[in-house]
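Presented below is the structure to which this report refers.
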Amino acid sequence: MHGSHTTGSPYAPHTAEDRTAMLEAVDAETVEDLFDIPAAVRFDGQFDIDARTERETRRLVRSVLGRNDDCTELLGRGHYGYYIPSLVDHLADRSEFLTSYTQYQPEISQGFLQALFEYQSLLVELTGLEIANCSIYDAATALGEAATLADRVRDTSGHRVLVPELMREERKSTLANYVAGTDLVVEAYPVDDGTVDLAGLDTAVDEDVVMVYAENPTVRGTIEEQLEAIGDLAADVDAFFALGSDPIALSLLERPADVGADVVVGDASVLGLPTSYGMGLGLFATKEDYLRQVPGRLVGVSEDATDRRAFTLTLQTREQHIRRERATSNICTNQAWVALRTAIHAAVLGPSGMVDLAKRAVTRAEALAERVDDIVGVQAPVHDRRHFREFVAHVDQPASAVAADLERLGFAVHVVGDHEIQLCVAGVPDEELDRFVEALEEVAR
Amino acid sequence: MSDDGTNRDTTPAQSRYDQARYVENGEYEPLLSEKDLTRIAIGSEDDGNGDDGKTTDSPLPDDLTRDALELPELSEPELARHYTRLSQMIYGIDSGPYPLGSCTMKYNPKFTEDVAALPSAAVHPDRSEGSIQGTLELLYRLQDYLGRIGGMDAVTLQPPAGAAGEFVGIRVAAAYHEHNGEGHRDDVIVPESAHGTNFASAALGGYDVVSLPSDDEGRVDLEALEAALSENTAALMLTNPNTLGLFERDIAEIADMVHDVGGLLYYDGANLNALLGRARPGDMGFDVMHYNVHKTFATPHGGGGPGAGPVGVVEKLAPFLPAPRVRERAEPSQSGEPVYERFEPEHTIGKVHGFDGNWLVLVKTFAYIARLGDDGLADASASAVLNANYLAEEIDYEIPYGPFHHEFVASAGEQDAADVAKRMLDYGVHPPTTKWPEIVPEALMTEPTEIESKDTLDRLAAAFNAVANEDDDTLEAAPERTTARRIDQTSAARNPRLSWQALADES
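Residue numbers (UniProt numbering), protein chains in the order written: chain G, 1 to 445; chain W, 1 to 507.
Now the structure itself:
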């Protein structure tokens, strides 16, 4: 029976006898009698979707996805393909984690609540901020939520949100949609050689600014060296300082709390998820002062009837199912299972493993930049900055031609300018980098 | 397993149930941080804490690095046990029936995890179109499947959850009205009994939310709707069947009324599992809808997410959908294979996710639909509706509104619905959604889905009925057999402790 059932839903266990008995119990001749749908809107057609056995379905998906070319990706810019330890998959795939709902009955959900509480604690340690939620969808939507949070908690009538001119356009566009229903407007401030142009930002900042956003590392892989000064500029006009980062970078780079960040956003799934076509995990941490304005779910500690420590979703009066149009956000379903994966991955690495991974992101990226800089027709890095995980290289040939040639040799790189490619070392083994250098030598001259 | 030393059993013999419970030093399973905390000092400077910690050098100057990182450092076997124990303290669909109304907690077919984990699915979103034809083809075919199932002309897969889909619908409506020089429309009408996200998504889009009462039979009150509609109406958001499980019989008239004032009709797909193959939102007059794939198409809820909330629209709204979408090129490849490409709709609202949404969830959605096909999908709805009707017939609680479809809302009457739910946990079943919708006093909103057998439904009904006949003291003392006993919500909110650092500060 298993895998060969093609009539009806293979996951509905009713026998013909059951069906008859149940119909009798509800006093209906056929199941169609139970549908109260006026004839005018009834659908009598077919979707024309063939049913398949489990085996055929697997073959179908394998065959469709088999059209993807296998290649070594030196790709980053906000989505990374780190190696995921086997333990993460095996534990997270336990069906109690995978198949449970949001923890509205905490007495039977202690395990997931504790895992999310530990995830929140991980982010508290990494950011130095007191509050982290259970997740937003991804880095871009977390940035959108940061802007609406800033709008809610800031007293003045200001309406300007400042973002760096160099960031993923997709993030900027998502932010624009999140603030479309408010008075906020998004404006870009200048960047100098890959990091914030402090003088330019100073000129842009005034009393109307609600939030200043900066990233560390930046979309071009540079490490921001003036975070504290950026935080000061924001603080001077009582604006929010929102910092974009991720758990691996935060293991080594400056702690957001130490540079005056009011909120930290970013993609936490750099730990926990393999390359997943952009699926992520929105990191969201902020100061305790804003606790009651935080979007999304929060797990807190309480006690049960035996006075033992227990976990529960808390401060739910912020949320849409209670507060409706006055909720702090419309978010309901989040990325809880990805947060679990991230927490497990971080636990497997431990603090020494996380710091080591971050250190390698610096040393390996900078070593690759040196190697490709030796290639005729390539200069790297373009920016005179320290780098994390990735960097931009100048190519004398048109960048799109170089990328196309590299693709034929089995390597994917970003094209970020007419003569600029961007290379990321995250998750790429050393021997693959060796092969890449050879390939680039071949195509760049 | 019971740690209080007694074998007292107050539940009927046929439904003994004890959830895993670990107790150490008077507490349940310790936190990772209580098992170990190791501090790694970074860089050359001695932070004065070097005795019990470790120090590591840094490739970066000190002013670019943090001082230290303090987290648990545990071995792999210790972690395997930690998380296995945590998993045993969770009730999932594979643990037993999960009739949470409005949540459609179906069985999640295991093979969908396998196809999502295929190495060929692990591609970066910045790859060239030519090198990821497989991913684009899957997205294209899923857009097409969903369009057929919903009766919609165009679909975006980008929204990462149902609420995000609602927000896309609202933004698309805003862009459409703006494009037609009708940006003044600032009302979104939402029935009183709708999901909380409807109100919140409309508000996030900057709209004034107009709340619509139900009529005496639990459906949209046409007179109230007439009064609410105006030239300022941007959209009406509706679930059909509604949260009481009732089909909005006047849907065609409702659609005409909304369209007559120039508004759009939005379909909240939360209850689509009731209608597969029997009615389609597009045929009912809806202009825009979202699909909850973790409900209708059985992708796992994962303890709260990830989901995906694709949005379908009629032709006139297609130019406003988020970018990019995927289409098939007119010209096939040299070998005759179809070629897929991304494109930007003409008046797109832009992005609502940093990349293209929750890809792994979309793969599972595609696999589920491809597995079931027409027959399976139609049977899913038929069996879901049969199950809800049968279960309702077997329980003692009153059900004030009908005829319902995939879910029903019973009333706990004199009992407190939240207490009923806690007591049901002792019978080894997940309780229904409680206290909502408010139109039913002490609501027990129940949706068994198609995956339960008659035997399981009988067991579920026995649990309802056992609790219906118990006294308030018993209900208030519940649950007894779960990992944790009744948890104090007030204390958690009054004294928020949201991290192990906060707990440490307290002690």
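Cβ coordinates follow ideal geometry from the N, Cα and C atoms, glycine included.
Rounded straight-line distance, which links the Cα of residue j to that of residue i
i, j, result
"ASP373/G", "GLY278/G", "30 Å"
"CYS424/G", "ARG292/G", "39 Å"
"SER131/W", "PRO319/W", "27 Å"
"PHE464/W", "GLN105/G", "17 Å"
"GLY200/G", "VAL88/G", "44 Å"
"GLN320/G", "LEU264/W", "23 Å"
"ASP289/G", "ARG494/W", "15 Å"
"VAL209/W", "ILE136/G", "24 Å"
"GLN103/G", "VAL294/G", "18 Å"
"GLU107/G", "ASN469/W", "22 Å"
"ALA227/W", "PHE355/W", "41 Å"
"VAL263/G", "VAL172/W", "29 Å"
"ALA298/W", "GLY282/W", "22 Å"
"residue 465/G", "ALA180/G", "An answer regarding residue 465/G cannot be provided, because it is not within the stretch 1 to 445 covered by chain G."
"VAL212/G", "ASP155/G", "16 Å"
"LEU283/G", "ALA261/G", "14 Å"
"ASN68/G", "SER276/G", "13 Å"
"GLU78/W", "ALA347/G", "10 Å"
"ALA224/W", "ASN242/W", "17 Å"
8 Å Cβ shell around residue i - same chain, five flanking residues per side excluded
i, result
"THR6/G", "With a pLDDT of only 41 at THR6/G, under 50, the local geometry of the prediction cannot be trusted, and the value read off the model is given with reservation. So the qualifying residues of the chain are ALA51, ARG52 and THR53."
"GLU224/G", "THR195, VAL196, ALA214, GLU215, ASN216, PRO217, THR218 and ILE230"
"residue 449/G", "Within the shown structure, residues of chain G are numbered from 1 to 445, placing residue 449/G beyond reach of any answer."
"GLU253/W", "LEU222"
"THR38/W", "GLY53, LYS54, GLU70, LEU71, PRO72 and GLU73"
"GLU506/W", "ARG497"
"ALA175/W", "PHE320, HIS347 and ILE349"
First and last residue of the uninterrupted beta strand (DSSP E) at residue i
i, result
"ASP187/W", "187-191"
"GLN316/G", "Unbroken run through GLN316/G: none, as it is neither H nor E."
"LYS54/W", "54-56"
"THR474/W", "Element bounds for THR474/W: not the beta strand (DSSP E) but the alpha helix (DSSP H), 472-477."
"THR446/W", "443-446"
"ASP144/W", "Where ASP144/W is concerned, there is no enclosing beta strand (DSSP E), although the alpha helix (DSSP H) it sits in stretches over 133-150."
Whole-number beta carbon distance between residue j and residue i, since they are thought to touch under 8 Å
i, j, result
"SER102/W", "GLU447/W", "7 Å"
"THR449/W", "THR104/W", "6 Å"
"HIS345/G", "PRO85/G", "7 Å"
"ASP455/W", "GLY8/G", "Actually they are not in contact, since the Cβ atoms of ASP455/W and GLY8/G sit about 18 Å apart, beyond 8 Å."
"LEU129/G", "ALA242/G", "With a Cβ gap of about 11 Å, LEU129/G and ALA242/G do not count as contacting."
"ASN334/G", "GLY305/W", "4 Å"
"GLY410/G", "ARG341/G", "About 29 Å separates the two Cβ atoms, so there is no contact after all."
"GLY377/G", "ILE331/G", "With 8 Å as the limit, GLY377/G and ILE331/G do not qualify as a contact, their Cβ atoms being about 48 Å apart."
Close beta carbons around residue i, own chain, < 7 Å, minus the five adjacent residues each side
i, result
"VAL301/G", "ARG309 and PHE311"
"HIS177/W", "GLY183, ARG185 and ALA234"
"GLY134/W", "SER120"
"ARG160/G", "VAL185, GLU187, ASP208, VAL209 and VAL210"
"ALA257/G", "THR127, GLY128 and LEU129"
Close Cβ partners of residue i (< 6 Å) along its chain, the five nearest in sequence each way excluded
i, result
"GLU441/G", "ILE375"
"GLY165/W", "PRO159, HIS290, GLY309 and VAL311"
"LEU425/W", "PRO479 and THR482"
"ARG19/G", "none"
"ALA412/G", "CYS71, GLU73 and LEU75"
"ASP246/G", "GLY266, ASP267 and VAL270"
"ALA16/G", "none"
Start-to-end residues for the alpha helix (DSSP H) that takes in residue i
i, result
"ALA21/G", "16-25"
"MET354/G", "336-373"
Test: residue i CB closer than 9 Å to a CB of chain C
i, result
"TYR267/W", "Looking for chain C here will not work: the only protein chains present are G and W."
**Message:** Could you check whether the region 158-173 of chain G touches the region 315-329 of chain G, counting it as contact only if at least three pairs of C-beta atoms, one from each stretch, sit closer than 8 Å?
**Reply:** Not touching, per the Cβ criterion.
**Cβ pair count under 8 Å reaching 3, the region 77-97 of chain W against the region 355-374 of chain W** = no
**Asked** Is the region 358-375 of chain G touching the region 55-62 of chain G, taking contact as three or more C-beta pairs under 8 Å?
**Response** no
**Prompt:** Is there contact between the region 153-164 of chain W and the region 309-328 of chain W, where contact requires at least three CB pairs shorter than 8 Å?
**Reply:** Yes, since at least three Cβ pairs between the region 153-164 of chain W and the region 309-328 of chain W fall closer than 8 Å, the two stretches touch.
**Asked** Are the region 336-346 of chain W and the region 179-190 of chain W touching by the rule of at least three beta carbon pairs closer than 8 Å?
**Response** no
**Request:** Answer yes if the region 455-463 of chain W comes into contact with the region 397-412 of chain W, meaning at least three C-beta pairs across the two stretches below 8 Å, and no otherwise.
**Result:** As far as the Cβ criterion goes, the region 397-412 of chain W does not touch the region 455-463 of chain W, which means the pair count is below three.
**Message:** Under 8 Å, with one C-beta from each stretch per pair, do the region 401-410 of chain G and the region 425-445 of chain G reach the 3-pair mark?
**Reply:** Contact holds: three or more Cβ-Cβ distances are below 8 Å.
**Prompt:** Are at least three pairs of beta-carbons, each pair with one atom in the region 434-444 of chain W and one in the region 189-198 of chain W, less than 8 Å apart?
**Reply:** yes
**Message:** Across the region 245-261 of chain W and the region 115-129 of chain W, are there enough close Cβ pairs to call them in contact, namely three or more that are closer than 8 Å?
**Reply:** By the Cβ test, the region 245-261 of chain W is not in contact with the region 115-129 of chain W, since fewer than three Cβ pairs between them sit closer than 8 Å.
**Request:** Assess, as a yes-or-no matter, whether the region 93-101 of chain G is touched by the region 86-93 of chain W under the definition of 3 or more beta carbon pairs within less than 8 Å.
**Result:** yes
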